[in-house]
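Here the sequence shown is numbered in my numbering, starting from 1020 and rising by one per residue. Using N, Cα and C, we set each Cβ at its ideal position, and we do this for glycine too.
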Amino acid sequence: MTASSSLVYRLGEFHSFSTRDRSFLYLVPAGAIFELDAAAQALIDRLAQGEASPEELCAMLAAQGLPASEARELIAELAHSRVIVAGELPRVPLDDAPPDFPLQTLVLNLTNQCNLSCQYCYEFGADKVATPEGKPKFMDFETAKASVDFLLGQSPGRRAVHITFFGGETLMNFPLLKKVVIYGKERAAGEGRSIDFSLTTNATLLTPAIIDFLSENRIGVTVSMDGPADLHDQLRVFANGRGSYDVIEPRVRALIRNHRTRPITARVTLTSGVADVVRIFRHLKNDLGFHEVGFAPVTTSPNRLYAINDSGMDDVLGQFRVLADEYLEYALRGELHGFSNVSDTLSELYQGVNKSHPCGAALGLVGVGPSGDIAPCHRFVDSDTHSMGHISTGMDRDKQTDFLRRGHINSKYDCHTCWARPLCAGGCHHEAYVRYGDTGHANLHYCDWIRSWTDTCLRIYGTISVHNPEFLRVFAERKALS
Ligand code: SF4
Ligand code: SF4
1020 MTASSSLVYR LGEFHSFSTR DRSFLYLVPA GAIFELDAAA QALIDRLAQG EASPEELCAM
1080 LAAQGLPASE ARELIAELAH SRVIVAGELP RVPLDDAPPD FPLQTLVLNL TNQCNLSCQY
1140 CYEFGADKVA TPEGKPKFMD FETAKASVDF LLGQSPGRRA VHITFFGGET LMNFPLLKKV
1200 VIYGKERAAG EGRSIDFSLT TNATLLTPAI IDFLSENRIG VTVSMDGPAD LHDQLRVFAN
1260 GRGSYDVIEP RVRALIRNHR TRPITARVTL TSGVADVVRI FRHLKNDLGF HEVGFAPVTT
1320 SPNRLYAIND SGMDDVLGQF RVLADEYLEY ALRGELHGFS NVSDTLSELY QGVNKSHPCG
1380 AALGLVGVGP SGDIAPCHRF VDSDTHSMGH ISTGMDRDKQ TDFLRRGHIN SKYDCHTCWA
1440 RPLCAGGCHH EAYVRYGDTG HANLHYCDWI RSWTDTCLRI YGTISVHNPE FLRVFAERKA
1500 LS
């Protein structure tokens, strides 16, 4: 070790976690997972007590019976992976995205009208950012065509692109949806490329004919639904206050029965009165037959009645863990469980993501409103404050650059020492705006929760990687929903 005798090692930046029978590190600068054997664990334990030279580390490992050549190899491997580090390590900022980063996904808000009046809705509720006054309520075909052309024109090099239909209630403009699917497929095929589609709906307007069309065209469907009737009907109501469960239940059953070309998923918004995660999951997955169910706490100011307080979020975490344990049992048998919050995180871990931004908003994804205004994502559509150009004139690159710069992890100083930043990157821009009035603010109200949940997912990932690594292959292609 003479050549390296001036080196003094210390621990790098990682989060340790263990499963029943193994120990791992989550390496923060790389967003990678590293399994520890006994010798590596001993070396980590030694450095946890203070810095050490390579000679001291070799001597310690020799005392444990490790030959000198293997000890040197181990030290070199840990140094290469930056589990251990030496000398000055300047913070290496993640690169800015290039301004012409190719689009992957367009979210097309076909209408800003809805036939429900869900009290927590970010489009219409007390926390809305949209300013739809004086703008078209329904997108027209010219705007939709220009949007498809925009997507294809702004996605050079991508063989496949994606359109998600959104609302308001998406199916209130189903005639346009049909035309866009036909036009989009033709346009993409003309360029030797492909385009696929998905939509989010409250399911109230589903008919057999619509279901047939969705199935024939392989259109992915996410239904916004909050569980069995007593929970769903608390906030997902018509304008007269009547709950929507009875209207959607037979339609959802018909959708799941007859749409056989893509898995049907449910998305649940958790609120103070609707946080019975396990019961909701059982109903949606087992009683109704959704392929996957995902949960998100409502995005709101903390003083709203339906906001979930800290103890409520602790309870949600406990219930997430019940389902996560089940997920693990399924995965070890090679079966899919359907709790998509776990799948989304495992997918990111499998792909080794290390995010500069929390999501694709204004990066690989943009939203387009009924008026043709471009927004960072569907949640900012129709907002004058957040408009980023118009479909007829293109993206306002200055506004896009400003949005991305403020949302970049490099700008979020509070996050720079957080081990969860490769996956979280400060959290949703829209939630940050609702909470802090700044899309670039880190969502600091839920950091402990995020770290606890990420730790749970790391343990699941670690266990699967040891006992049924084949299962993880399902995440090679999966894209997390945002
Ligand atoms: S918002 Fe919180 S949990 Fe997320 S990266 Fe920043 S400090 Fe970590
Ligand atoms: S995470 Fe937030 S900002 Fe990002 S796409 Fe989703 S809603 Fe929009």
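- In this structure Ile1238 does not touch Ile1214 by the C-beta definition: roughly 11 Å separates them, more than the 8 Å allowed.
- In the three-state reduction of the DSSP assignment, Leu1046 falls in the strand class.
- When the Cα atoms are used, Arg1425 and Arg1454 turn out to be separated by approximately 16 Å.
- Just measuring C-alpha positions, the residue of Gly1388, Val1485, Arg1440 sitting nearest Phe1157 is Gly1388.
- With contacts defined by Cβ atoms closer than 8 Å, Leu1080 and Ala1090 form a contacting pair.
- Closest option to Phe1339, judged by alpha-carbon separation, among Glu1032, Tyr1045, Gly1313: Gly1313.
- If the five residues before and after Ser1471 are omitted, its C-beta is found closer than 8 Å to the C-beta atoms of Leu1336, all from its own chain and listed in chain order.
- An exposed status is given to Phe1160, since fewer than 16 other beta-carbon atoms sit within 10 Å of its beta-carbon.
- Distance from the C-beta of Leu1463 to the nearest heavy atom of ligand 1 is below 7 Å.
- CA-to-CA, the gap between Met1191 and Phe1494 works out to about 34 Å.
- Per DSSP, Pro1269 is not a residue of any beta strand (DSSP E); the alpha helix (DSSP H) it occupies stretches across 1264-1277.
- Here Asp1401 really is in contact with Ala1149; their C-beta atoms are around 4 Å apart, less than 8 Å.
- Here the C-alpha atom of Ala1078 lies approximately 57 Å from the C-alpha atom of Ser1291.
- Relative to Gly1371, the option among Ala1380, Glu1032, Pro1441 whose CA is nearest is Pro1441.
- Here Ser1174 is not near Pro1117, since their CB atoms are 8 Å or more apart.
- Residues Ser1166, Leu1170, Ile1182, Val1385, Val1387 of the same chain have their beta carbon placed closer than 7 Å to that of Leu1125, with the five preceding and five following residues left out of the count.
- Going by DSSP, Ala1315 is part of no alpha helix (DSSP H) but of the beta strand (DSSP E) stretching over 1311-1316.
- The secondary-structure analysis by DSSP pairs Leu1218 across a beta bridge with Phe1184, Val1240.
- Between the segment 1340-1352 and the segment 1479-1488, the count of Cβ pairs shorter than 8 Å is three or higher; the stretches touch.
- The secondary-structure analysis by DSSP pairs Asp1392 across a beta bridge with His1409.
- Taking a contact to require three or more Cβ pairs closer than 8 Å, the segment 1394-1413 and the segment 1059-1077 do not qualify as touching.
- Given a length threshold of 4 residues, each whole run of the alpha helix (DSSP H) inside the segment 1396-1481 is given here in chain order: 1416-1426, 1440-1443, 1448-1455.
- Between Val1180 and Arg1206, the CB-CB gap reaches or exceeds 8 Å.
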